[in-house]
Amino acid sequence: MRVLITGGTGLVGGALIATAGSGYRLTILHQRDYPVQADGVEAFIVDVRNREQLSDLFGRGEFDAVIHAAGIASVDYVEHHVEEGWESNVAGTQNVVDLVLKKDIKFVYLSSNAVFDGRQAPYREGDSTNPVNQYGRIKVECEKLVMRLCPEAAIVRPILMYGWQPPHARANPATWLIDRLRRGQPTHLVTDVYENPLWAGQCAAAIWRVIQMGKTGIFHIAGQDIVSRYEFAQLVAGVFGMDSTLLHPVDSGFFPAIAPRPKNTSFLTERMQADLGLDPLPLREGLERMRALGSPLTLSSHT
Ligand SMILES: NC(=O)c1ccc[n+]([C@@H]2O[C@H](COP(=O)([O-])OP(=O)(O)OC[C@H]3O[C@@H](n4cnc5c(N)ncnc54)[C@H](OP(=O)(O)O)[C@@H]3O)[C@@H](O)[C@H]2O)c1
2 MRVLITGGTG LVGGALIATA GSGYRLTILH QRDYPVQADG VEAFIVDVRN REQLSDLFGR
62 GEFDAVIHAA GIASVDYVEH HVEEGWESNV AGTQNVVDLV LKKDIKFVYL SSNAVFDGRQ
122 APYREGDSTN PVNQYGRIKV ECEKLVMRLC PEAAIVRPIL MYGWQPPHAR ANPATWLIDR
182 LRRGQPTHLV TDVYENPLWA GQCAAAIWRV IQMGKTGIFH IAGQDIVSRY EFAQLVAGVF
242 GMDSTLLHPV DSGFFPAIAP RPKNTSFLTE RMQADLGLDP LPLREGLERM RALGSPLTLS
302 SHT
């Protein structure tokens, strides 16, 4: 099966490449100019905002499935660069969907828990969306676009993810924290924002199952344990043997400059379990799997 992964050099893309079975031939695209080392994977620099570049790429290969993970995924960056955020995500998704429709290709869109306002957790797939920040509004718009034009698509909503990111990708809450604790930096973490964090490897496993099983509709993908960011950090420090006295609990008011966050977007994962046959991984187990893989860590800023 020939699969195109847009955003193939990000956290999700890296995990998809690492977990793809032998029956898949992978092509990835990303935007910035850097070399990609991934055995057996064809990589192209294509901006999803550029219809011509995208169309050329679709012309080169007959893809059986497209996993659309490209776009600016930083909540705080998008809050302050709204137009760029819409272009990269909404216009980019429209361009990808147009080509998918022309060729009748199986489509998986990566959305987010940011579509919810965090007031009525835990959330099922059918619950009403009501985003509290620009990033969430963009994700809702992309979901609407995908559902309207491509009703046979699958929309995967991962929750807050952790794992070793590929060399040029953003850090995530685990790798950001590990880097800070290695440097001995005191770190403030909020006690009033909750998720059930997801190991990127399990997110990728869920996406591959969606494709293998030909699933459609929305899927909430999350880990087993609902924790605050402070509790998450304590567990990271424990599993990686780092100094937890550097961690300081605060509430969201401590960070007035960042984008508003929904307080509790934890997911119910009945569909992930019943339809995909995947049991959400306990947080400690996900972190232990991450530790067992060893750190290829190259860090960029966490946002
Ligand atoms: N990480 C999470 O915790 C999380 C949680 C919920 C949902 N999600 C969603 O999952 C998806 C993937 O997230 P991620 O964390 O893997 O993202 P990421 O690590 O930030 O990677 C983003 C990827 O998209 C590419 N990209 C960005 N703008 C592009 C453009 N205009 N044209 C082509 N490629 C572009 C980047 O390429 P370059 O490196 O070349 O810029 C990179 O490969 C996103 O839709 C995100 O909203 C992520």
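Quick note: the sequence shown uses our numbering, first residue 2, plus one each step.
For glycine and all other residues, C-beta sits at the position ideal for the given N, C-alpha and C.
Bear in mind that the values here come from a model prediction, so they are computed numbers and not experimental data.
Of the choices Ile222, Trp209, Phe117 and Glu289, whose alpha-carbon is the least far from that of Leu27?
-> To locate residue 27, count along the sequence shown from 1; it is residue 26. Checked all of Ile222, Trp209, Phe117 and Glu289; the closest Cα to Leu27 is Trp209.
In its own chain, which residues sit with a C-beta less than 6 Å from the C-beta of Pro167, not counting the 5 before and 5 after it?
-> Within the sequence shown, the letter at position 166 stands for residue 167. The answer, listed in chain order, is Thr10 and Gly15.
Does at least one heavy atom of ligand 1 sit under 7 Å from the Cβ of Ser23?
-> Locating residue 23 in the sequence shown gives position 22, where the first residue counts as 1. It does not: the Cβ of Ser23 is nowhere closer than 7 Å to a heavy atom of ligand 1.
Report yes if the C-beta of Ala175 is less than 7 Å from at least one heavy atom of ligand 1; otherwise report no.
-> Walking along the sequence shown from the start, residue 175 turns up at place 174. Result no, Cβ not under 7 Å from ligand 1.
Helix, strand or coil: how does DSSP classify Ile160 here?
-> Residue 160 sits at position 159 when you count from the first residue of the sequence shown. If DSSP states are grouped into helix, strand and coil, Ile160 belongs with coil.
Any contact of the region 132 to 145 with the region 256 to 263, i.e. 3+ C-beta pairs under 8 Å?
-> Because the criterion of three Cβ pairs below 8 Å is met, the region 132 to 145 and the region 256 to 263 touch.
DSSP state of His81 mapped onto helix, strand, coil | Taking the first residue of the sequence shown as position 1, residue 81 is located at position 80. It is helical.
For Asp128, which residues from the same chain have a beta carbon less than 8 Å from its beta carbon, with the 5 sequence-adjacent residues on both sides left out?
-> Walking along the sequence shown from the start, residue 128 turns up at place 127. Within the same chain, Asp128 has close Cβ partners Phe117 and Gln121.
Excluding the five sequence neighbours on either side, which residues of its own chain have a C-beta within less than 7 Å of the C-beta of Ala293, listed in chain order?
-> In the sequence shown, the residue the question calls residue 293 occupies position 292. There are no such residues.
Contained beta strand (DSSP E) runs [length at least 3] in the region 23 to 110, N- to C-terminal order = 26 to 31, 43 to 46 and 66 to 69
Curious, which full-length beta strand (DSSP E) runs of at least 3 residues does the region 109 to 169 contain?
-> 155 to 159
Pick from Gly60, Glu53, Ala207 and Tyr124 that is closest to Ile68, judged by C-alpha positions = Within the sequence shown, the letter at position 67 stands for residue 68. Of the listed residues, the one whose Cα sits closest to Ile68 is Ala207.
Taking Cβ positions, are Ile160 and Phe268 nearer each other than 8 Å?
-> As a working note, residue 160 is residue 159 in the sequence shown. As a working note, residue 268 is residue 267 in the sequence shown. Their beta carbons are under 8 Å apart, which means Ile160 touches Phe268 by this criterion.
Closer than 7 Å: Glu197 CB and nearest ligand 1 heavy atom | The count along the sequence shown starts at 1 and reaches residue 197 at position 196. Note that residue 197 corresponds to Asn in the displayed sequence, not to Glu. No, the Cβ of Asn197 stays beyond 7 Å of every heavy atom of ligand 1.
Whole angstroms is fine: what's the gap from Gly24's alpha carbon to His221's?
-> The residue you call residue 24 lines up with position 23 of the sequence shown. The residue you call residue 221 lines up with position 220 of the sequence shown. Gly24 and His221 have their C-alpha atoms spaced approximately 26 Å apart.
What are the boundary residues of the beta strand (DSSP E) that Thr7 is part of?
-> As a working note, residue 7 is residue 6 in the sequence shown. Its beta strand (DSSP E) spans residues Arg3 to Thr7.
By the 10 Å Cβ neighbour count, where 16 or more other Cβ atoms means buried, how is Phe233 classified, buried or exposed?
-> If you number the sequence shown from 1, residue 233 lands on position 232. With 16 or more Cβ atoms within 10 Å of its Cβ, Phe233 is classed as buried.
Note down, in chain order, each residue of its chain lying with its Cβ closer than 6 Å to the Cβ of Ser253, except the 5 sequence neighbours on either side.
-> Here residue 253 refers to the residue found at position 252 of the sequence shown. Take Ser253, set aside five residues on each side of it, and the residues of its chain with a beta-carbon closer than 6 Å to its own are Val191 and Asp193, in chain order.
Grab the span of the beta strand (DSSP E) containing Val251 for me, first residue to last.
-> Taking the first residue of the sequence shown as 1, we reach residue 251 at position 250. Start and end: Leu248 to Val251.
Taking the alpha-carbon positions, what's the Leu277 to Tyr35 distance?
-> Residue 277 sits at position 276 when you count from the first residue of the sequence shown. Residue 35 sits at position 34 when you count from the first residue of the sequence shown. Cα to Cα, the separation comes out at about 35 Å.
Give the C-beta separation of Gly93 and Met291 to the nearest angstrom, bearing in mind that I take them to be a contact with Cβ-Cβ under 8 Å.
-> To locate residue 93, count along the sequence shown from 1; it is residue 92. To locate residue 291, count along the sequence shown from 1; it is residue 290. About 29 Å separates the two Cβ atoms, so there is no contact after all.
Buried or exposed for Pro246, please, with buried defined as at least 16 other CB atoms from any protein chain shown within 10 angstroms of its CB.
-> Counting from one through the sequence shown, the residue named residue 246 turns up at place 245. Here the sequence assigns Thr to residue 246, which means Pro is not the residue at that position. Exposed: under 16 other Cβ atoms inside 10 Å.
Which word fits Met214, buried or exposed, when buried means at least 16 other C-beta atoms lie within 10 angstroms of its C-beta?
-> Here residue 214 is taken as the residue at index 213 of the sequence shown, counted from 1. Met214 is exposed by the Cβ-count criterion.
Residues near Pro187 by beta carbon distance below 7 Å, same chain, minus five either side | Here residue 187 corresponds to residue number 186 of the sequence shown, with the count starting at 1. Once the five neighbours on either side are set aside, the close Cβ partners of Pro187 are Leu247 and His249.
Can you have a look at Leu102 and say buried or exposed, based on whether 16 or more other CB atoms are within 10 angstroms of its CB?
-> Taking the sequence shown and counting its residues from 1, the one referred to as residue 102 is at position 101. Burial call: exposed.
Gly202 lies in the alpha helix (DSSP H); which residues open and close that run?
-> Sequence index remark: in the sequence shown, residue 202 carries index 201 (1-based). Its alpha helix (DSSP H) spans residues Ala201 to Gln213.
Three-state class that DSSP yields for Ala16 in the structure shown | For this step, residue 16 is matched to residue 15 along the sequence shown. Note: Ala16 maps to helix in three-state DSSP.
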